[in-house]
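Chemist:
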Amino acid sequence: MAQVQLSEREVRIQKAQKIQAMGIHPYAQSFHKTHLIKDIITNYENQPLREIEAIIEAPEVQVKTAGRVMLYRSHGKLAFAKILDSTEQIQLMFHRDQCKIIKTEKKADGSMEDIAVQSLDFPESETWTMTAYKFMEKMVDLGDFIGVEGEVFKTHKGELTIFVSAFKFLSKAIRPLPEKFHGLSDQEDLYRKRYLDMTMNPETYARFLFKSKFYQTLRDFYRKHNFIEIQTPILDNAASGAAARPFITHHNDYDTDVYLRIAFETSLKKATVGRFEKVFEIGQDFRNEGSDPSHLQEFTQVEHYAVYWNYEDNMRFTEEMFDYLFAELGLSKQLKVKDKDWIEKTVDFTTPRERIDYTKGILDASGIDITKYDTDHADQLRADIRAKGIEFEGMDEMGTPTLIDYLFKKVLRPKIVGPAFIYNYPVIMQPLARISDADVNIVEQFQLLVNGWEICKAYSELVDPLIQQANFDKQAEAAEKGDDEATSGDDAFVEAMEYGMPPQSGFGMGLERILAILTEQDNLRDVVMFPLMKLRNEKSSEE
Numbered sequence: 199m200a201q202v203q204l205s206e207r208e209v210r211i212q213k214a215q216k217i218q219a220m221g222i223h224p225y226a227q228s229f230h231k232t233h234l235i236k237d238i239i240t241n242y243e244n245q246p247l248r249e250i251e252a253i254i255e256a257p258e259v260q261v262k263t264a265g266r267v268m269l270y271r272s273h274g275k276l277a278f279a280k281i282l283d284s285t286e287q288i289q290l291m292f293h294r295d296q297c298k299i300i301k302t303e304k305k306a307d308g309s310m311e312d313i314a315v316q317s318l319d320f321p322e323s324e325t326w327t328m329t330a331y332k333f334m335e336k337m338v339d340l341g342d343f344i345g346v347e348g349e350v351f352k353t354h355k356g357e358l359t360i361f362v363s364a365f366k367f368l369s370k371a372i373r374p375l376p377e378k379f380h381g382l383s384d385q386e387d388l389y390r391k392r393y394l395d396m397t398m399n400p401e402t403y404a405r406f407l408f409k410s411k412f413y414q415t416l417r418d419f420y421r422k423h424n425f426i427e428i429q430t431p432i433l434d435n436a437a438s439g440a441a442a443r444p445f446i447t448h449h450n451d452y453d454t455d456v457y458l459r460i461a462f463e464t465s466l467k468k469a470t471v472g473r474f475e476k477v478f479e480i481g482q483d484f485r486n487e488g489s490d491p492s493h494l495q496e497f498t499q500v501e502h503y504a505v506y507w508n509y510e511d512n513m514r515f516t517e518e519m520f521d522y523l524f525a526e527l528g529l530s531k532q533l534k535v536k537d538k539d540w541i542e543k544t545v546d547f548t549t550p551r552e553r554i555d556y557t558k559g560i561l562d563a564s565g566i567d568i569t570k571y572d573t574d575h576a577d578q579l580r581a582d583i584r585a586k587g588i589e590f591e592g593m594d595e596m597g598t599p600t601l602i603d604y605l606f607k608k609v610l611r612p613k614i615v616g617p618a619f620i621y622n623y624p625v626i627m628q629p630l631a632r633i634s635d636a637d638v639n640i641v642e643q644f645q646l647l648v649n650g651w652e653i654c655k656a657y658s659e660l661v662d663p664l665i666q667q668a669n670f671d672k673q674a675e676a677a678e679k680g681d682d683e684a685t686s687g688d689d690a691f692v693e694a695m696e697y698g699m700p701p702q703s704g705f706g707m708g709l710e711r712i713l714a715i716l717t718e719q720d721n722l723r724d725v726v727m728f729p730l731m732k733l734r735n736e737k738s739s740e741e
């Protein structure tokens, strides 16, 4: 009868069962790790170390570390492996006669203790035992986790290595890692199995370390300028603060529909009514719209509000923020950035920034004076846009503000390399922004544009509750006519304003976008550790 060929996953499951039978838990409780691998390399690279011959005669324990097994090869009495932890990888040496395995046993008082033994009883025989050295060779696979203790030395080729006196088996991987040379290359798998991407591709892991450092540096900058970090609700009764289609869910206890926030704005501004003068938040926003390389339905945003500032103050603050980030993160100010058409250009982030008038820029690019159109003029604006030979998807359902926004994206945005501040927006574009004292048709707002990418938006805030309510009413009319990106009203927000809201300026920046630019990535998903993906219909194949 032909023998059934087991898959590698099935073989590894059998190994885990044998390991358990030998008195070693295949998924250990813990390991006392005293050294990160990077620290071992730093501490011992330039120290005088004993020769390997002396170590074999009388090994000592200098370090205890742990990680994932990434390589293994044996040469008679000697075997070499490499383990990888969160900081680096290092080579290990195992000697057949000087190798022990650590097993956990119960003491008489019921407590557990680790003991190092040279061999283990094999479960299928009363007489045959397996040495620790053989256990490493036969039972440990690439991808498994082990902890080791031993002495550091350098091989004759000069490679820093740990001579392993004893090791502890920590976790069995029942699926194999991708091949070293072919690796994980399918783009969808890179997103779905980011844990493998980070394990096998050092540049991916470094990107997410950079992301963590970026967040810390950004928070340091805010604290340096006396901003207070606060948290605002993700679920709300109104989807306000931006022009976007919200996600809707149902609150069972309250028996009412609620919205996942599309911005932090209204909650952060309510905090300024309650004494806070400088506030910021880093968190998730949700917008139920199309996704592409530059848009995600769930994204990370930073917003801040500073009482007694106007948008000019925020413009200067934004330049200072970017100078600080580039300096603290050690980044070059010359970065390659691809635009919406995937054309790569070199962008110079040296300050000060170029300034471009939004209304004048659209007029020069299209011949359309957008300041002439009010909320009720959507049909006329739509006809005038088409008369210029300009068309974009979905324009028949758009209200005036959305038409203007898409016109900008069609005729002006592609021409701007930047970084550039875009300012002088028409009043109907931003229902939460302050109208200019110099021109009642303009709001005090700017955006930072980098080769087609809208990086941040800021404006002098509208704090007049009567005008705010009137603006919300106009947006509601646009929504009734089919504009699903119109800003929702928020009665609780207007009520808070009526108690007195101080003058202020606010700022919002999508962090995936700026991180993609700083790390020169083409897709926002490349800076999201576990991006949301469509469910696969087929069952994941065994490898």
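The sequence shown runs 199 to 741 under the working numbering. Where is the CB? At the ideal position from N, CA and C, for every residue including glycine. Every value quoted in this text rests on a predicted model; they were computed, and no experiment measured them.
Using a 10 Å radius around the Cβ and a threshold of 16 neighbouring Cβ atoms, would you call ALA436 buried or exposed?
Modeler: So ALA436 counts as buried.
Chemist: According to DSSP, is GLY559 helix, strand or coil?
Modeler: In this structure, DSSP gives GLY559 a helical state, which the three-state scheme calls helix.
Chemist: On the three-state DSSP scale, how would you describe ASP319?
Modeler: In the three-state reduction of the DSSP assignment, ASP319 falls in the strand class, which pools E and B.
Chemist: Between LYS305, LEU664, GLU255, GLN643, which lies nearest to ARG294 when the distance is taken from Cα to Cα?
Modeler: Nearest to ARG294 by alpha-carbon distance, out of LYS305, LEU664, GLU255, GLN643, is GLU255.
Chemist: Find the nearest neighbour of PHE425 within the set PRO376, ALA469, GLU475, judged by alpha-carbon distance.
Modeler: Nearest neighbour of PHE425 by Cα position, chosen from PRO376, ALA469, GLU475, turns out to be GLU475.
Chemist: Using alpha carbons as the reference points, say which of GLY680, GLN245, GLU249, GLY706 lies closest to HIS502.
Modeler: GLY706
Chemist: Reducing DSSP to helix, strand and coil, say where ARG271 ends up.
Modeler: ARG271: strand per DSSP, three-state reduction.
Chemist: If you drop the 5 nearest sequence neighbours on each side, which residues of the same chain put their C-beta closer than 6 angstroms to that of THR240?
Modeler: By the criterion of a C-beta distance shorter than 6 angstroms, THR240 is surrounded by no residue of its chain, once the five residues flanking it on both sides are discounted.
Chemist: Short check: CB of TYR604 to CB of ALA631, under 9 angstroms?
Modeler: Contact: no.
Chemist: To which residues does DSSP link THR327 through a beta bridge?
Modeler: DSSP lists ASP319 as the bridge partner or partners of THR327.
Chemist: Alpha carbon to alpha carbon, what distance is there between HIS575 and ILE620?
Modeler: 24 angstroms
Chemist: How is GLU266 classed by DSSP in three states: helix, strand or coil?
Modeler: The sequence given here places Arg at residue 266; Glu does not occur at that position. Here ARG266 sits in strand by DSSP.
Chemist: Which residues share a DSSP beta bridge with SER369?
Modeler: TYR225, PHE343
Chemist: Which residues does DSSP list as the beta-bridge partners of PHE425?
Modeler: Bridge partners of PHE425: none, in fact.
Chemist: For LYS216, which three-state DSSP category applies?
Modeler: helix
Chemist: For LYS531, which residues in the same chain have their Cβ closer than 8 angstroms to its Cβ, ignoring the five residues on either side in sequence?
Modeler: Here the set comprises PHE524, ASP546, PHE547, THR548.
Chemist: What runs of the alpha helix (DSSP H), each 4 residues or longer, lie entirely inside the stretch 526–586?
Modeler: 556–564, 576–585
Chemist: Provide the residue(s) that pair with ALA277 in DSSP beta bridges, ordered along the chain.
Modeler: In DSSP, ALA277 forms a bridge with SER272, PHE292.
Chemist: Alpha carbon to alpha carbon, how far is SER739 from LEU318?
Modeler: Annotation note: pLDDT 46 at SER739 (below 50); position unreliable, coordinate value reported separately. Roughly 35 angstroms separates the two Cα atoms.
Chemist: Counting only runs of 4+ residues fully inside the stretch 620–678, write out the alpha helix (DSSP H) ranges in chain order.
Modeler: 663–678
Chemist: THR498 lies in the beta strand (DSSP E); which residues open and close that run?
Modeler: 496–505
Chemist: Bridge partners for VAL362 per DSSP, in chain order?
Modeler: GLY348
Chemist: Around the Cβ of ARG266, are there at least 16 other Cβ atoms within 10 angstroms (buried) or fewer (exposed)?
Modeler: buried
Chemist: By Cβ distance below 6 angstroms, which residues in the same chain neighbour ILE614 in space, the five residues on each side in sequence not counted?
Modeler: LEU647
Chemist: Work out the CA separation of GLY708 and GLN482 for me, nearest whole Å.
Modeler: 10 angstroms
Chemist: Going by beta-carbon coordinates alone, are ASP312 and LYS301 separated by less than 9 angstroms?
Modeler: Yes. Within cutoff.
Chemist: Taking the beta carbon of LYS298 as the centre, do at least 16 other beta carbons fall within 10 Å, making it buried, or is it exposed?
Modeler: buried
Chemist: Quick check: PHE229 and LYS366, are their CB atoms within less than 9 angstroms of each other?
Modeler: Going by C-beta atoms, PHE229 is nearer than 9 angstroms to LYS366.
Chemist: For LEU713 versus LYS409, is the C-beta spacing smaller than 9 angstroms?
Modeler: yes
Chemist: Need the endpoints of the beta strand (DSSP E) that GLN702 sits in, please.
Modeler: 702–708
Chemist: Among GLU206, ASP594, PRO729, TYR413, which one has its Cα closest to the Cα of GLU479?
Modeler: TYR413
Chemist: Going by CA-CA distance only, name the one from THR454, PRO444, THR516 that's closest to PHE484.
Modeler: PRO444
Chemist: Quick check: SER686 and SER438, are their CB atoms within less than 9 angstroms of each other?
Modeler: yes
Chemist: Which word fits HIS139, buried or exposed, when buried means at least 16 other C-beta atoms lie within 10 angstroms of its C-beta?
Modeler: Because the chain spans 199 through 741 in this model, residue 139 falls outside it and cannot be assessed.
Chemist: If you draw a straight line from the C-alpha of ILE568 to the C-alpha of GLN643, how long is it?
Modeler: 16 angstroms
Chemist: Taking only the alpha-carbon atoms, compute the straight-line gap between GLN289 and LEU533 and give it to the nearest angstrom.
Modeler: 36 angstroms
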